[in-house]
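Just so you know, we're using the working numbering here: the sequence shown kicks off at 4 and counts up by one. Quick reminder that beta carbons are idealized off the backbone N, C-alpha and C, glycines included.
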Amino acid sequence: MGTIMVAGGAGYIGSHCLWLLRQRGYEAFAYDDLREGHGEAVLDADLVVGSLSDFDLVKRTLEERDVDAVFHFAASCYVGVSVDDPASYYDNNVATTLKLLDAMRAADVNTFIFSSTCATYGNPVQEYMDESHPQWPINPYGWTKFFVERVLSDYGNAYGLKYVALRYFNAAGAHPEGIIGEHHDPETHLIPLVIHAGQGKRPDIKVFGDDYETPDGTCIRDYIHILDLADAHLLGLEYLRGGGESAAFNLGNGAGYSVMEVVKMVEQVIGKPIPYETVARRAGDPARLVGNSARAQEVLGWRQQYGDLETIIKTAWRWHEAHPDGF
Ligand code: UDP
């Protein structure tokens, strides 16, 4: 088998996937422009620094390194910014992915594992959304991922591309030994922000609304451990290598946790109270987003190892405690 190129391998999800690939004995390297990724996150793996829209460099890299599959994590991921600056999101998430796919076609690389999102569903019309839930995103970020899913389907029909699109719910947690973890700048995600409040790096955590129709009034999300996510990518690769049909799979925990449950769990894990303040709802936040990942379990044989909220937060805390300033 050939080598795996992890596009965006210096980012949060990509670096955990790269680590797991190499841990399991795969030949894998990162390709990243380091605009948002961190060179340290690839540990001792090879890192090619460059843009995915550099057709010549991507094609040459694929050929010279004997790549037979690409994992694609390189994308912009802030919903709010995508609303204010959609051009950069369509450019970075869609146009750049088209370039990457062009270079893959030119280099005859036909296996693609794509980082998609539950944001492609938009507002939930059913509890425990499964893959047949209508896809009608409610922000440009979700549309960019949805468009790429469409492109993959069309390229599959026309050019024989084989792909797995993984629709993540809320990626969270870190490597259990704390060697790599989540470092976004700016940080907007709940769990790292609550930890920052616990570390005194910010005065408090703002709870975006406590008048939702949920048991404690705060929003419920489906937090899924980063290494469980990574594991599903490897299973997706083996599924395609074994002749599996291209498909999309949800990756969620199936257990939703409220914002206040997260705050309380961080308090329990770090052993001190977290100052919080309830503020207005954030625009576009549904009350409850929880996935049904039965297809990934049945078809890929995916099983979570780090699924409970305590483990997710303990691993996140280990990383943040050891790296208070990130990488
Ligand atoms: N949230 C919050 N305060 C924050 C950040 C997030 O209350 O400072 C809430 C947010 O409204 C959502 C949940 O935490 O209900 C998870 O938000 P995050 O941005 O981490 O992920 P999303 O679900 O938006 O992808």
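Range of the contiguous alpha helix (DSSP H) that encloses residue i
i      : result
Val128 : Neither: Val128 is in no alpha helix (DSSP H) and is coded neither H nor E.
Thr314 : 312 to 325
Ser156 : 143 to 162
Thr100 : 99 to 109
Ile273 : 262 to 273
Ala72  : Taken as a continuous stretch (DSSP letters only), Ala72 belongs to no alpha helix (DSSP H), being part of the beta strand (DSSP E) at 70 to 75.
Arg306 : No alpha helix (DSSP H) holds Arg306; DSSP gives it neither H nor E.
Gln26  : 15 to 26
Ile198 : 193 to 201
Thr64  : 58 to 67
Thr89  : Note on identity: in this sequence residue 89 is Pro, with Thr being the wrong assignment. That run of the alpha helix (DSSP H) goes 89 to 92.
Extent of the continuous beta strand (DSSP E) run through residue i
i      : result
Met8   : 6 to 10
Ser118 : 114 to 120
Ile208 : 208 to 211
Leu50  : 50 to 52
Close-in-space but distant-in-sequence residues of the same chain around residue i (CB under 8 Å, 5 per side omitted)
i      : result
Glu399 : Beyond the ends of the chain as shown, which are 4 and 330, falls residue 399; an answer cannot be given.
Glu270 : Gly201, Pro276, Ile277
Tyr92  : Ser79, Val84, Ser85, Pro143, Tyr144, Thr147
Cβ neighbours of residue i in the same chain (closer than 6 Å, five flanking residues each side left out)
i      : result
Phe150 : Val97
Ala110 : Lys62, Leu65, Glu66
Asp36  : Ser54
Beta-bridge pairing of residue i - partner residues as DSSP gives them
i      : result
Arg291 : Ile223
Thr281 : Val210
His228 : Ala175
Asn253 : Arg170
Ala31  : Ile7
Lys165 : Thr114
Residue i CB to nearest heavy atom of the ligand GTP below 7 Å
i      : result
His136 : As far as ligands go, the structure on display features the ligand UDP and does not contain the ligand GTP.
Neighbourhood of residue i by C-beta distance below 7 Å, restricted to the same chain and skipping five residues each side
i      : result
Glu216 : Ala290
Gly163 : Asn113
Ile208 : Leu196, Val197, Ala200, Val266, Ile277, Tyr279
Stretch pair the region 137 to 147 + the region 290 to 303: three plus CB contacts closer than 8 Å:
no
In chain order, what are the residues with a CB under 6 Å from some non-hydrogen atom of the ligand UDP?
Asn173, Thr191, His192, Leu193, Leu196, Ile208, Lys209, Val210, Phe211, Cys222, Arg224, Val262, Arg285, Asp288
Does the structure place the region 280 to 293 close enough to the region 235 to 249 that three or more beta carbon pairs sit under 8 Å?
no
If contact is defined by three or more beta carbon pairs under 8 Å, each pair taking one atom from either stretch, is the region 84 to 103 in contact with the region 44 to 53?
no
Tell me whether the region 182 to 192 and the region 255 to 263 touch, counting them as touching only if at least three CB pairs, one residue from each stretch, are closer than 8 Å.
no
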